[in-house]
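S.K.:
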Amino acid sequence: MSQRQITFEILRYDPETETEPRFQAYCVPCEEEWVVLDALNYIKDTLDGTLNYRWSCHMAVCGSCGMMINGEPMLSCKAFIRDLPAGTIKVEPLYHFPIERDLVVVLDDFMDKLESVKPYVIPKKQRPIEDGPYKQTPKQLHQYQQYSMCINCLLCYAACPQYGLTPEFIGPAALALTHRYNLDSRDKGRRQRQEVVATHEGVWECSFVGACSEVCPKDVDPAGAIQQMKIASTADWYLEHLMPWRRS
Amino acid sequence: MAKSNKPIVWGLFAAGGTVCAFVIPVMILITGVLLPLGLFGPPEASYESMTRIVSNPVVKIVLFGILFLALWHAAHRLRITVHDFGIRNDQLVARAVYGFAGLFSLIALVTLLSF
Amino acid sequence: MSRNPYVREVPRTTWYMRNNRYIRYMLREVSCVFIGLYAASLTVGLVRLAQGDNEWTHYLNGISSPTGILFSLLAFGFACYHSITWFNVTPRAMRIPKGDGFVPGPAIVSAHYIIWAVVSLVFLLMMGVL
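Protein chains in written order, with full-length UniProt numbering: chain A, 1 to 248; chain B, 1 to 115; chain C, 1 to 130.
1) With DSSP run on the structure shown, which of helix, strand or coil describes residue 243(A)?
2) Could you compute how far the alpha carbon of residue 8(A) sits from the alpha carbon of residue 14(B)?
3) For residue 234(A), is the classification buried or exposed, using 16 other Cβ atoms within 10 angstroms of its Cβ as the cut-off for buried?
4) Please tell me whether residue 236(A) has its Cβ less than 9 Å away from any Cβ of chain B.
5) Using a Cβ-Cβ cut-off of 9 Å, state whether residue 7(C) counts as contacting chain B.
6) Using 9 Å as the limit for Cβ to Cβ distance, is residue 102(C) near chain B?
7) May I have a chain-ordered list of the beta strand (DSSP E) segments no shorter than 3 residues that lie completely inside the stretch 65-128 of chain A?
8) Determine the chain F residues that contact residue 2(B) at a beta-carbon separation under 7 Å, and present them in chain order.
9) If we define contact as Cβ-Cβ less than 9 Å, is residue 72(B) a contact residue for chain A?
10) Would the beta-carbon of residue 163(A) be found less than 8 Å away from any heavy atom of the ligand ATP?
11) Classify residue 194(A): buried if its beta carbon has 16 or more other beta carbons within 10 angstroms, exposed otherwise.
12) Taking all protein chains shown into account, decide if residue 31(C) is buried (16 or more other Cβ within 10 angstroms of its Cβ) or exposed.
13) When the Cα atoms are used, what is the spatial distance from residue 12(C) to residue 168(A)?
14) Between the stretch 108-115 of chain C and the stretch 51-62 of chain C, do at least 3 Cβ pairs fall closer than 8 Å?
15) Give the C-beta separation of residue 175(A) and residue 203(A) to the nearest angstrom, bearing in mind that I take them to be a contact with Cβ-Cβ under 8 Å.
16) Do you know how far the Cα of residue 59(A) is from the Cα of residue 155(A)?
17) Would you please verify whether the beta carbon of residue 202(A) is less than 9 Å from any beta carbon of chain B?
18) Here's the rule I'm using: 16 or more other beta-carbon atoms within 10 Å means buried, otherwise exposed. How should residue 241(A) be labelled?
19) Under 7 Å between beta-carbons, which chain B residues line up against residue 230(A)? List them in chain order, please.
20) Just how far apart, CA to CA, sit residue 143(A) and residue 53(A)?
21) Between the stretch 87-99 of chain C and the stretch 47-54 of chain B, do three or more beta carbon pairs fall short of 8 Å?
22) Touch check for the stretch 60-77 of chain B and the stretch 87-104 of chain B: three-plus C-beta pairs under 8 Å?
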């Protein structure tokens with residue numbers, strides 16, 4: 001396999017000694033089949049042990065190695081170096097999140113938002129175990145399957161300009177997961193989630209830029225999910241205001 | 001957090017966006033390009049034919065529907081776009097753009113009824 | 001270890017220059033200016049038509065000027081861009097159930113393009129252009 005010397009410009013930030021981030025260049029001998037994460041591991045193992053970044057599975061499942069690669073949010077384990085334009089590769093922490101240290105970002109905001117939309121099945125009534133499992137037809141599964149593929153990698157938040165401009169926005173992944181549970185035949189929690197979804201900071205902050213869906217490594221299409229929820233919320237609004245007797 | 005009242009304006013935006021997508025390009029072609037190029041004859045002739053066309057009650061209803069939805073669609077999208085360009089005075093912008101759309105819709109309605 | 005998270009501000013008025021997809025988005029959004037101005041101009045045309053022969057001729061001279069034609073051509077381009085971007089995302093916003101799944105996206109998009117063509121033809125036929 002052929003080896004290439006590639007320069008990586010990596011945004012570094014040490015909260016204890018620095019007041020703002022700076023780029024640091026590393027020259028890495030890259031193998032043909034390497035992804036950006038391999039280069040980061042090489043730097044950490046042989047060039048500079050102080051570099052901080054998150055990763056776990058190296059196979060686009062865990063969702064922890066998202067970062068900006070040449071300004072584009074990507075999973076570094078899925079970003080093949082040979083697919084990137086020749087020249088220096090710029091690596092930065094995910095946009096729109098505060099930098100904790102080097103390539104590690106603060107996820108608290110997303111975690112709070114995810115919790116606020118109750119991303120779990122809320123049944124109408126808890127069934128005793130003796131009653132057996134909840135059954136679902138293939139059709140019922142297809143309703144939400146696409147939106148259940150989210151791995152919380154947050155590339156969509158780094159791509160969404162509205163989240164960057166208005167940090168109160170609930171954002172793509174949390175809303176896609178809201179939709180996933182709303183569409184689940186076992187779930188009866190939509191009304192509770194609407195308290196968050198139907199607010200200004202919910203679906204209405206989205207202007208369908210569509211960047212979230214373009215960068216999603218799992219083809220979840222959060223933008224599509226949000227538009228479907230806008231249509232449903234609009235129908236709700238008209239039912240509530242024009243036919244108040246239907247409010248039960 | 002209170003539920004938003006955006007659905008009122010967004011519903012019109014979405015309906016208007018769909019209608020505009022189907023009819024606005026061909027309408028611009030007809031009234032913005034072919035009409036000035038003289039396809040409907042000299043001014044006197046086009047005055048006659050245009051008056052005849054908009055006097056048709058079905059045309060009145062359809063044309064008003066298109067104008068109303070196009071104006072509201074444009075107004076709502078402009079409100080968002082102004083925000084995107086960094087102007088954050090949303091309430092004032094909303095009043096201005098919806099006011100403009102409302103005023104022109106009213107003018108279109110009154111004028112169409114006069115034919 | 002002390003925490004001191006660093007926040008990168010997003011430039012409020014120039015954020016869309018960062019990425020081509022943001023520029024495409026802004027172009028799509030700006031189409032509303034042309035659609036709105038066109039609708040307003042057509043409304044003015046109706047008023048002129050109602051006012052009489054003379055006023056109509058004035059209006060006709062206005063839209064026949066180079067500026068008028070240039071505006072119409074630009075507006076036509078933006079309106080088509082609006083149509084294309086609108087139709088292309090429709091299947092994602094509105095899924096149509098079929099069997100265990102949904103009608104495939106490309107089928108819905110194609111149907112929209114066909115209806116677009118038919119509607120345009122009907123308008124041209126009714127105006128006696130074709």
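Using N, Cα and C, we set each Cβ at its ideal position, and we do this for glycine too.
M.R.: Concretely, from the data shown:
1) coil
2) 45 Å
3) buried
4) yes
5) no
6) no
7) 66-69, 72-75, 89-92, 99-101
8) Absent here is chain F; the protein component of the structure consists of chains A, B and C.
9) no
10) Of ligands this structure carries none, so the ligand ATP is not represented either.
11) buried
12) buried
13) 15 Å
14) no
15) 6 Å
16) 16 Å
17) yes
18) exposed
19) 10
20) 36 Å
21) no
22) yes
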